[in-house]
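Engineer:
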Amino acid sequence: QMLDGSQVQVGDVAIGLASQGVHSNGFSLVRKIVQESQATTVSFGDGEQENERVGADESGQISSHDSWDTCPEQLGGQSLGEVLLTPTQIYVKPVLEARHAGIDIHG
Numbered sequence: 449q450m451l452d453g454s455q456v457q458v459g460d461v462a463i464g465l466a467s468q469g470v471h472s473n474g475f476s477l478v479r480k481i482v483q484e485s486q487a488t489t490v491s492f493g494d495g496e497q498e499n500e501r502v503g504a505d506e507s508g509q510i511s512s513h514d515s516w517d518t519c520p521e522q523l524g525g526q527s528l529g530e531v532l533l534t535p536t537q538i539y540v541k542p543v544l545e546a547r548h549a550g551i552d553i554h555g
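Quick note, the working numbering runs 448 ahead of the 1-based positions in the sequence shown.
1. Give the straight-line distance between the Cα atoms of Gln526 and Thr518, rounded to the nearest whole angstrom.
2. Going by C-alpha to C-alpha distance, which of Gln455, Val470, Leu451 sits closest to Gln537?
3. From Ser476, Ala549, His548, pick the residue whose C-alpha is nearest to that of Leu532; which is it?
4. How far does the alpha helix (DSSP H) with Gln483 in it reach, from first residue to last?
5. Can you give the beta carbon distance from Gly555 to Leu451, rounded, assuming they're within the 8 Å contact cut?
6. How about Pro535 and Gln483: are their beta carbons less than 9 Å apart?
7. Pop quiz: Val543 and Ile553 are said to be a contact at Cβ under 8 Å. What is the actual Cβ separation, rounded to whole angstroms?
8. Curious, which full-length alpha helix (DSSP H) runs of at least 4 residues does the segment 520-551 contain?
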């Protein structure tokens, strides 16, 4: 059964599932950010964000080589390339498990 959102109603409960990696639709934005400014927005668990030029020297200049190989603390010690290659979480298994447990998921 396809979950298309057509049965969602006012009062339904929305549940969010944790994610990692960049989902496929996000790569257009990532590509644009890297090409235009070679900057990244780093999100912290407390909801704060920090704009940072990954691999920039004191003058703010950045080389494409450094941007992929630098491993800043804000990216968990991973390079920008490693972060972008992190596999996307697929939600099929937890959704199917919830449905098999009798939870009514309809959107």
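Built from N, CA and C at the ideal position, the CB exists for glycine as well.
All figures in this text were calculated on a predicted structure; none of them were measured in a lab.
Structural biologist: This is what the structure holds:
1. Position 78 of the sequence shown, counting from 1, holds the residue named residue 526. Position 70 of the sequence shown, counting from 1, holds the residue named residue 518. Straight-line Cα distance between these residues: approximately 8 Å.
2. One-based indexing of the sequence shown puts residue 537 at position 89. Here the closest residue by C-alpha is Val470.
3. Here the question's residue 532 lines up with position 84 in the sequence shown. Closest by alpha carbon: Ser476.
4. Taking the sequence shown and counting its residues from 1, one reaches residue 483 at position 35. It spans 475-484 - the alpha helix (DSSP H) in which Gln483 sits, taken as one unbroken run.
5. Taking the sequence shown and counting its residues from 1, one reaches residue 555 at position 107. Taking the sequence shown and counting its residues from 1, one reaches residue 451 at position 3. Confirmed, Cβ separation roughly 6 Å.
6. For this step, residue 535 is matched to residue 87 along the sequence shown. For this step, residue 483 is matched to residue 35 along the sequence shown. No.
7. If you number the sequence shown from 1, residue 543 lands on position 95. If you number the sequence shown from 1, residue 553 lands on position 105. Right, their Cβ atoms sit about 6 Å apart.
8. 528-532, 540-548
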